[in-house]
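Notes follow the structure.
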């Protein structure tokens, strides 16, 4: 150590030159190092979410969460599992153990286990597996509120979200609490009984009537390919009053 100190004390010009070289490399490295204001961090958390419209929290737990949790018991590499049931929505939160196995492999097993879950209700949405990391956590939240109607607020929120998604540097815009357009149908039990129509028949008739199906494509003489789609979805609430419910041998039907 003394020899090194003595060398630099004697060759001070070389020492100064070496110091300048090191400073130059340091400044160059500083300018080329990637900087991220919001660095991506893997939280080792994965969620599974499914929606059963109109279901109570108890029904969601029984019909959605229990089957999903049963399928996930076969997955290795999980540190903790807990679920939340709210009206119409069920969420299973999985905390991964990164020391047990590769988290990527664990997430792949989670997806396969969820895909094999085939005993969910027909009306339930397909479970969505989401890997939680800092990249999907919003850094800015914008709230739309006011004394206007729910429809006006909905349209305003959609316009704000569309405008934000077009801004430079915005990777994704997610709408929370954004209501979907729905029609509420109230069945008249007396009228159904008089026409000998079951409630299940009414429900099936509405489902069959409210559909939109692709019909392939048509190629004209010029070679233009035109897509064909059969659109039969309801647009106005009054259209539901003319839904065809049943046909009889006499040739008359019920609406």
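Residue numbers (our numbering): 1 to 255.
Heads up, the beta-carbon is just placed ideally off N, CA and C, and yes, glycines get one too.
Remember, predicted model here, so these are calculated numbers, not experimental data.
**OP:** Provide the residue(s) that pair with residue 34 in DSSP beta bridges, ordered along the chain.
**Re:** Partner(s): none; residue 34 has no beta bridge.
**OP:** Rank 26, 75 and 202 by C-alpha distance to the C-alpha of residue 189 and give the top, closest one.
**Re:** Residue 189 has its Cα closest to that of 202, out of 26, 75 and 202.
Original post:
If you draw a straight line from the alpha carbon of residue 34 to that of residue 222, how long is it in whole angstroms?
Top reply: Taking the straight line joining both Cα atoms gives about 53 Å.
Original post:
Fully enclosed by the segment 61-134, which alpha helix (DSSP H) runs are 4 residues long or longer?
Top reply: With a minimum length of 4 residues, the continuous alpha helix (DSSP H) runs that stay inside the segment 61-134 are 66-72 and 103-115.
Original post:
Between residue 191 and residue 199, which are expected to be in contact by the criterion C-beta below 8 Å, what is the C-beta distance as a whole number of angstroms?
Top reply: Cβ-Cβ separation between residue 191 and residue 199: approximately 11 Å, too far for a contact (criterion under 8 Å).
**OP:** Report yes if the C-beta distance between residue 131 and residue 75 is below 7 Å; otherwise report no.
**Re:** No, Cβ-Cβ distance for residue 131 and residue 75 is not below 7 Å.
Subject >> Nearest to residue 116 (by Cα), restricted to the options 86, 133, 143 and 67 >> reply: Out of 86, 133, 143 and 67, 67 has the C-alpha closest to the C-alpha of residue 116.
Subject >> Pick from 157, 53 and 133 that is closest to residue 143, judged by C-alpha positions >> reply: For residue 143, the nearest C-alpha among the options comes from 157.
Original post:
Do residue 81 and residue 48 have their C-beta atoms closer together than 7 Å?
Top reply: Cβ atoms of residue 81 and residue 48: not closer than 7 Å.
Original post:
Do you know how far the Cα of residue 84 is from the Cα of residue 51?
Top reply: Cα to Cα, residue 51 sits roughly 12 Å from residue 84.
Original post:
Who pairs with residue 218 in a beta bridge, going by DSSP?
Top reply: Note: residue 218 sits in a beta bridge opposite 226.
Original post:
Out of curiosity, what's the CA-to-CA distance linking residue 145 and residue 128?
Top reply: C-alpha separation (whole angstroms): 29 Å.
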